[in-house]
Structures are given as C-alpha cells and as structure tokens.
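According to our numbering, the stretch in the sequence shown is residues 51 to 421, in order.
All C-beta atoms, glycine included, are put in the ideal place defined by N, C-alpha and C.
Here the structure is a predicted model, which is why all the values come from computation and not from measurement.
For reference, the structure discussed in these notes is given below.
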Amino acid sequence: MVLTLPFMVAVQEISAHIGRVTGTGIIGTLRAHAPRPVVLGIVALLVVANVVNLGADIGGMADVARFLAGGPAWLWAAGFALFCAVTEVRVAYRRYVLFLKWLTLTLLAYVALLFVIRLPWATVLFAVLVPHVALTRAALTMLVAVLGTTISPYLFVWQAAEEIEDMQLSADPRPLRARADGAAEIARIDADTWAGMGYSNLVSLAIIIGTAATLHARGITDIDTPAQAAQALAPIAGRFAAVIFALGVLGTGLLAVPVLAGSTAYALSETMGWTEGLGRKAGDARAFYVTIALATLLGAGIVISPIDPMRALVWAAVINGAVAGPVIVAMVILGSLRSVMGAYVLPAWLRLFGWGTAFLMGAATVGMLVL
51 MVLTLPFMVA VQEISAHIGR VTGTGIIGTL RAHAPRPVVL GIVALLVVAN
101 VVNLGADIGG MADVARFLAG GPAWLWAAGF ALFCAVTEVR VAYRRYVLFL
151 KWLTLTLLAY VALLFVIRLP WATVLFAVLV PHVALTRAAL TMLVAVLGTT
201 ISPYLFVWQA AEEIEDMQLS ADPRPLRARA DGAAEIARID ADTWAGMGYS
251 NLVSLAIIIG TAATLHARGI TDIDTPAQAA QALAPIAGRF AAVIFALGVL
301 GTGLLAVPVL AGSTAYALSE TMGWTEGLGR KAGDARAFYV TIALATLLGA
351 GIVISPIDPM RALVWAAVIN GAVAGPVIVA MVILGSLRSV MGAYVLPAWL
401 RLFGWGTAFL MGAATVGMLV L
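This is the structure in structure tokens:
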C-alpha cells in the first residue's frame, strides 16, 4: 500500500485533470478518440465488475447488520439498496457530496481497531516497507486484486465526473482548456488527490495489518462473509473490536455503493450520449438515474444468489485490475495531447508514473495468467 501510493495518486490526478480540463468524462474522452468496439468492451467489463462489486458490498453490509441487530440478510440488503438508490437520485448534489465526505470518517474505525489489538510494531514496519510477493498464481492473483481495488477504472470514471460536476457549479463553469487561469485549480486537484488517496491507503493498510495480526495469525484464512470475520475477531480481540470492524463495513458500503452505481451510470451515459450528472434533476437525466437505480438493485439481487460475496469482491477487483492497464495507457496518451488538453497537458512526472502504473498492472496481470 505504501509503494503503490504514488501510482494511485498519479492515475487519479490524470483522471481529474482530463475531466476538469476537457469538461468531458473518461469514457466520453475515449469515445471521441478510440474505436467504438474498444470503448464498448471496456464499458462492458466495467459494468460487470461494478454490479458484482455492488452485490458484494450490499451483501457485506446486510451480513454485518444481521450480526449486529439480527433479522434476515435479504431484508437488510433490500433496505440498504433502496436507501442508497433513493438518496443518490433524490438528494441535491451539494448535500449528497457533503454527506459522503463526512461518511469517510467512519473508515477510521479500521484505524481504531489497531489500538485495541496487540501488534508487533517492528515486524509490521518492516513488512510494510519491504513487502514480499511470492511468484505463485494465488499470490499474483491477490496482487492484481489489490491493485484493481485501489487503482480501479470505476474510480477513474468517478474522479473525472465529479470534477465536471464541481466545475458546473463553480463561478466559472468553463473547462480549464478554455481558460488561462487554471493553475490554481490544477494545484487544488493535486493537493486534494494526495490527501484523499493518502487517507484511503492509510485505511487499507490498517485493514491489512488488523487482519494479519488477528485472523491470519490464528490460521483463519478462509472467510466467506464479513460477519464471519467479525465473529472470528470477537474471541481474539474482544467484542468491541468485532463491533468496530462491523461498523467499518457498514461505513465502507455506504460510501462504495453510490460511487459504484454512479460510475456505472456515468460510463454508460458517456458511451450512449445520454444526459448525465448528479447535479441534474431526475426528470432531466432519466436514463442516468435509472441506471443508478438498476445497478444498485441488480447488485442487491446477488445477495439472494448462491454467489459468495467475499470471492465476488476479489474477482471483481481482479477484473478491474486487468482492465485498468489499457485504460491508463489511453488516459496517458490523451492527457499528453495538446489537441485534447490545450495548454494543460500532463506534466512529465504524471506521464512517467502513468506509464509506470500501466506497466505494473499489465505485468501483474500477465504473470497471473501465465502462472
């Protein structure tokens, strides 16, 4: 997580730059410059991965809600899905984004978990800075999954789209390429991305360390549901730790579901030329909001299917990891063209890390497939 942070930041910055400079989302920009079959293939894989991811997240939320309060999982899943879909469709964009930002504080539950369990800090520090990756199919598959859940196409789509949403609500709603005073906006994007991705990776690192020091240290490596993980934590680290973990799952799900459903709607809308935007009223962007609702409800339907939510989460991340490389290549190329970016072409360090990220994602995917 520490070593991938610069790559993660670079790709998200590239996404944000393209959205703010061009006024067009990632898929919309690809659609204007790439063959349509390529764009359709990327969007199809993105939609499949997002819906599976939605199902895993909603299933996880329902599972821990049942752990905390009882009741049938399917009822909790239906309730969470309806809540997420209705709020994303009905709540005004500015208020909804503020709600999501405050909700990120719930992720600190995972950091708090580290303070209620005993940790060998010297071992932790060494392993964080000097990671070990075995050249086996299982290890490389998990590496692709970790990369695919942190450097993921749905995050590229969301980042660019939200920059456009904010731009349209700003004092000067023109894309940066039509302006000569964009340096301050670019600096804001860079600082915002470093802060957000740093926070994200801190939380991810806390989850990994907490899991390693509790479940893995006791030989518990086959977990089918989040509730199983919480139940397994209780005798090891206490009921309080289990409750913290469960609340973290709820917070993560409430954050992830709207982003996954929203990025699905943005991607399809940009592909099909539909009116889009969370800042628009439902009547003005019907197909966009219908896609959000359908994606969320389809995800909820996975809860009553025989699909294992934890394995679904991993394989959705693997799909994202495999798709990310080609998308990043296209983004770096487009972001380097003056015909696309005007005076705001990507700086050299972003291009360098963009190419490096694409190579890293591609090499891990090839290694997984070859082995």
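Rounded straight-line distance, which links the Cα of L402 to that of G78: The count along the sequence shown starts at 1 and reaches residue 78 at position 28. The count along the sequence shown starts at 1 and reaches residue 402 at position 352. Rounded to the nearest angstrom, the two C-alpha atoms are 24 Å apart.
Distance between V293 and T243 (C-alpha atoms, nearest Å): Locating residue 243 in the sequence shown gives position 193, counting from the first residue. Locating residue 293 in the sequence shown gives position 243, counting from the first residue. Using only the alpha carbons, I get a separation of about 31 Å.
Among F206, A195, E212, nearest to R361 - alpha-carbon criterion: Start at 1 with the first residue of the sequence shown, and residue 361 comes out as number 311. Nearest C-alpha to R361: A195.
As assigned by DSSP and simplified to three states, the class of G232: Within the sequence shown, numbered from 1, the residue matching residue 232 stands at position 182. If DSSP states are grouped into helix, strand and coil, G232 belongs with coil.
Endpoints, alpha helix (DSSP H) assigned at I342: The count along the sequence shown starts at 1 and reaches residue 342 at position 292. That run of the alpha helix (DSSP H) goes 336-351.
Own chain partners of I257 with C-beta closer than 6 Å, once the 5 adjacent residues on each side are dropped: Here the question's residue 257 lines up with position 207 in the sequence shown. Y160, listed in sequence order.
Neighbourhood of Q281 by C-beta distance below 8 Å, restricted to the same chain and skipping five residues each side: Counted from its first residue, the sequence shown places residue 281 at position 231. The residues are F117, A292.
Closer than 9 Å to chain B by CB, I68: Included in the structure is just one protein chain, with no chain B present.
Nearest-angstrom beta carbon gap, A135 and A372 [assumed within contact, 8 Å]: Position 322 of the sequence shown holds residue 372. Position 85 of the sequence shown holds residue 135. That belief does not hold up - the Cβ atoms of A372 and A135 are roughly 28 Å apart, past 8 Å.
Residue from V71, R388, G75, F133 whose Cα sits closest to the Cα of A211: The residue labelled residue 211 in the question sits at position 161 within the sequence shown. Ranking the options by Cα distance to A211, first place goes to G75.
Neighbour-count burial assignment, F130, 16 or more Cβ in a 10 Å radius: Here residue 130 refers to the residue found at position 80 when the sequence shown is read from its first residue. With 16 or more Cβ atoms within 10 Å of its Cβ, F130 is classed as buried.
R86 - DSSP class collapsed to helix/strand/coil: Position 36 of the sequence shown, counted from the first residue, corresponds to residue 86. Secondary structure of R86 (DSSP, three-state): helix.
Limits of the unbroken alpha helix (DSSP H) element including D216: Taking the first residue of the sequence shown as 1, we reach residue 216 at position 166. It spans 203-219 - the alpha helix (DSSP H) in which D216 sits, taken as one unbroken run.
Whole-angstrom C-beta distance between A263 and L387, which should lie under 8 Å: Position 337 of the sequence shown, counted from the start, is the residue given in the question as residue 387. Position 213 of the sequence shown, counted from the start, is the residue given in the question as residue 263. So it is not a contact: roughly 47 Å between Cβ atoms.
Separation of F165 from A172, as counted between CA atoms: Here residue 172 refers to the residue found at position 122 when the sequence shown is read from its first residue. Here residue 165 refers to the residue found at position 115 when the sequence shown is read from its first residue. Looking at the backbone, the Cα of A172 and that of F165 are separated by about 15 Å.
For I236 and W152, the rounded distance between their alpha carbons: For the purposes of this step, residue 152 is taken as the residue at position 102 of the sequence shown. For the purposes of this step, residue 236 is taken as the residue at position 186 of the sequence shown. Rounded to whole angstroms, W152 to I236 spans 24 Å at the Cα level.
Three or more C-beta pairs below 8 Å linking the segment 52-62 and the segment 392-411: Yes, they touch.
Alpha carbon of T415 to alpha carbon of T54, nearest angstrom: For the purposes of this step, residue 415 is identified with residue 365 of the sequence shown, where counting begins at 1. For the purposes of this step, residue 54 is identified with residue 4 of the sequence shown, where counting begins at 1. Approximately 16 Å, taken between the alpha carbons.
Same chain only: Cβ atoms within 7 Å of D274, ignoring 5 sequence neighbours per side: For this step, residue 274 is matched to residue 224 along the sequence shown. Counting only Cβ-Cβ distances below 7 Å, and skipping sequence neighbours, we find D358, M360.
Rounded distance between the beta-carbons of V139 and Y316, thought under 8 Å: Position 266 of the sequence shown, counting from 1, holds the residue named residue 316. Position 89 of the sequence shown, counting from 1, holds the residue named residue 139. With 8 Å as the limit, Y316 and V139 do not qualify as a contact, their Cβ atoms being about 14 Å apart.
Residue nearest to A142 in terms of C-alpha spacing, selected from R330, N370, L283: For the purposes of this step, residue 142 is taken as residue 92 along the sequence shown, with counting starting at 1. Measuring from the Cα of A142, the nearest candidate turns out to be R330.
Extent of the continuous alpha helix (DSSP H) run through V196: Within the sequence shown, residue 196 is the residue found at index 146, counting from 1. First-last of the alpha helix (DSSP H) with V196: 187-200.
C-beta contact flag for I369 and T407 at 9 Å: Taking the first residue of the sequence shown as 1, we reach residue 369 at position 319. Taking the first residue of the sequence shown as 1, we reach residue 407 at position 357. No. Outside cutoff.
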